[in-house]
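Right, dumping it as structure tokens:
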């Protein structure tokens, strides 16, 4: 986890190749965190997976935003015209978690969109072993899907910024 005084910040990727590399790194990160989520979901303690998913997902969103140079602090460092482009692009792709401080409430809103999966996971825990495996599988798929959607939204916003010339000198 990064501190608020961190001066090592990532810029928006400079080219399509850079965006593709960051996208792949973030997709790997999503898969690793989804595996952790699935492991916790397999534990037969009702509610443990939800609490764990909230924390894992909030950290994941922060890390993905940071990798693409789209955290709240990084966007605020952009020139005003690029800041506007970043926020407009985020709204355009439905990236409600791009450039925002990710709070527990925001994560809850996103996870509520997959509410039926949470109910299925909890109900599956009532059936020994098979229910735990089903719960882990559903948890993995839901976590991965939401994570991939955020990675793609960040990639589109980064592409908009590159197209707008975010890495071009301000004065020619």
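Numbering (the working numbering), first residue to last: 31 to 202.
Ideal Cβ positions, reconstructed from N, Cα and C, are used throughout, including at glycine.
Model, not experiment: these values are computed from the prediction.
*What are the boundary residues of the alpha helix (DSSP H) that residue 112 is part of?*
Where residue 112 is concerned, the enclosing alpha helix (DSSP H) stretches over 110-122.
*Assign residue 101 to buried or exposed, taking buried as 16 or more other Cβ atoms, counted over all protein chains shown, within 10 Å of its Cβ.*
Around the beta-carbon of residue 101, 16 or more other beta-carbon atoms lie within 10 Å, marking it buried.
*Between the stretch 65-72 and the stretch 170-181, do at least 3 Cβ pairs fall closer than 8 Å?*
Yes, the stretch 65-72 is in contact with the stretch 170-181.
*In three-state terms, what does DSSP make of residue 82?*
Three-state DSSP puts residue 82 in a helix.
_Assuming residue 79 and residue 71 are in contact, meaning their beta carbons sit under 8 Å apart, how far apart are those beta carbons, in whole angstroms?_
That pair is a contact at about 4 Å.
*Ordered along the chain, which non-local residues of its own chain (more than five positions away) have a Cβ less than 7 Å from that of residue 184?*
Hits under 7 Å: 94, 95, 98, 100, 125 and 128.
*In the DSSP assignment, find the unbroken alpha helix (DSSP H) run with residue 51 in it and report its ends.*
For residue 51, the enclosing alpha helix (DSSP H) begins and ends at 46-71.
*For residue 44, which residues from the same chain have a beta carbon less than 6 Å from its beta carbon, with the 5 sequence-adjacent residues on both sides left out?*
Contacts found: 197.
*In angstroms with no decimal places, state the Cα-to-Cα distance between residue 187 and residue 90.*
Cα to Cα, residue 187 sits roughly 18 Å from residue 90.
*Tell me whether residue 75 sits in a helix, a strand or coil according to DSSP, three-state version.*
Secondary structure at residue 75: coil, using DSSP grouped into helix, strand and coil.
*Cβ-based burial, residue 53 [other Cβ within 10 Å; buried from 16]*: Around the beta carbon of residue 53, 16 or more other beta carbons lie within 10 angstroms, which makes this residue buried.
*Pick from 117, 49 and 56 that is closest to residue 177, judged by C-alpha positions*: Proximity to residue 177 across 117, 49 and 56 peaks at 56, based on C-alpha coordinates.
*For residue 51, which residues from the same chain have a beta carbon less than 8 Å from its beta carbon, with the 5 sequence-adjacent residues on both sides left out?*
Around residue 51: 43.
*How would you call residue 106, buried or exposed, if buried means at least 16 neighbouring beta carbons within 10 angstroms?*
Residue 106 comes out exposed.
*asked:* Just checking residue 81 against the ligand GDP - is the residue's beta carbon closer than 7 Å to any of the ligand's heavy atoms?
replied: This structure simply doesn't include the ligand GDP, nor any ligand for that matter.
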